[in-house]
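Student: Those protein sequences? They're chains L and S, same order as listed. Per the numbering used here, the first sequence starts with residue 54, numbered consecutively. Per the numbering used here, the second sequence starts with residue 48, numbered consecutively. Heads up, the beta-carbon is just placed ideally off N, CA and C, and yes, glycines get one too. If you scroll down you'll find the structure; I have some questions about it.
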Amino acid sequence: AQKVTQAQTEISVVEKEDVTLDCVYETRDTTYYLFWYKQPPSGELVFLIRRNSFDEQNEISGRYSWNFQKSTSSFNFTITASQVVDSAVYFCALGSGGSNYKLTFGKGTLLTVNP
Amino acid sequence: DAGVTQSPTHLIKTRGQHVTLRCSPISGHKSVSWYQQVLGQGPQFIFQYYEKEERGRGNFPDRFSARQFPNYSSELNVNALLLGDSALYLCASSLSTANYGYTFGSGTRLTVV
């Protein structure tokens with residue numbers, strides 16, 4: 054069975070601080086995909102990144118960066134110099150090669166960036 | 048290009064009633080999936096349809112059903128509504144499988160009273 058754990062329920066930071074959102078996953082598949090989505094108050098899930106299990110290179114996109122470590126089954130997300138507009142709920146999700154029709158989501162982390 | 052569109056945006060129903068939620072995928076996307084998101088939780092998979100056939104079903108009772116039409120739009124039906132069915136219902140479309148990533152709609156907020 055697949056499982057995604059986001060241990061941080063809520064995080065509150067002051068603008069311009071760096072913040073890291075943790076994600077730990079469980080799967081028995083050797084081929085799988087990891088995702089991060091952002092959910093603003095409007096409710097729509099906004100796709101941020103997709104990584105496959107064979108690519109452990111870290112990725113940076115502007116103020117966002119992701120650290121994928123298979124050895125610890127983690128896929129952490131860092132926002133550098135946070136802004137108020139980053140306030141949202143962030144979800145980590147797992148798509149497994151064995152059941153490629155669905156994503157398994159974590160419970161999400163509510164990030165609040167205060168001015 | 049239009050994104051994934053869902054209707055209605057909000058809905059209030061009484062226990063025992065039936066509800067139909069609708070979703071139009073992004074043009075060219077042949078796969079539609081439905082997720083239920085209860086307040087404070089992550090989305091839970093309900094169904095995926097690809098080329099009008101059911102590809103997968105989550106752990107939901109038979110009161111939940113869905114279908115996909117020739118134009119790839121989809122309906123989610125829920126019968127005999129319970130208070131616990133109150134949630135945000137998200138539709139997502141993708142080119143094929145979930146592993147390529149979904150584009151989600153803004154959802155339908157269902158309240159059962």
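1) The beta strand (DSSP E) spanning Cys70 of chain S covers which residue range?
2) What do you get for Gln136 of chain L, buried or exposed, if any count of 16 or more other CB atoms within 10 angstroms of its CB means buried?
3) Provide the residue(s) that pair with Ala134 of chain S in DSSP beta bridges, ordered along the chain.
4) Using beta-carbon positions only, say whether Val57 of chain L and Phe130 of chain L come within less than 8 Å of one another.
5) Report buried or exposed for Asp109 of chain S, applying the criterion of at least 16 other Cβ atoms within 10 angstroms of its Cβ.
6) Name the DSSP beta bridge partners of Glu101 of chain S, please?
7) Is any beta-carbon of chain L found at less than 8 Å from that of Ser140 of chain S?
8) Which residue wins for smallest C-alpha separation from Ser71 of chain S, given the options S:Thr158, S:Thr61, S:Gly154, S:Tyr147?
9) Would you mind sorting Ser80 of chain S into buried or exposed? The rule is 16 or more other CB atoms within 10 Å of its CB.
10) Note the first and the last residue of the continuous beta strand (DSSP E) segment covering Tyr149 of chain S.
11) Who are the near neighbours of Ala146 of chain L in its chain, counting only those whose CB is closer than 8 Å to its CB and skipping five residues on each side?
12) What does Thr150 of chain S reach in chain L if we use C-beta pairs closer than 7 Å?
13) When burial is assigned at 16 or more other CB atoms within 10 Å of the CB, is Val138 of chain L buried or exposed?
14) Mapping the DSSP letters down to three states, classify Thr157 of chain L as helix, strand or coil.
Tutor: Looking at the coordinates:
1) 66-71
2) exposed
3) S:Leu157
4) no
5) exposed
6) S:Tyr96
7) no
8) S:Gly154
9) buried
10) Segment: none, Tyr149 of chain S is in no beta strand (DSSP E) and carries neither H nor E.
11) Val57, Leu87, Phe88, Trp89, Tyr90, Leu156, Thr157, Phe158, Gly159
12) Phe100
13) exposed
14) strand
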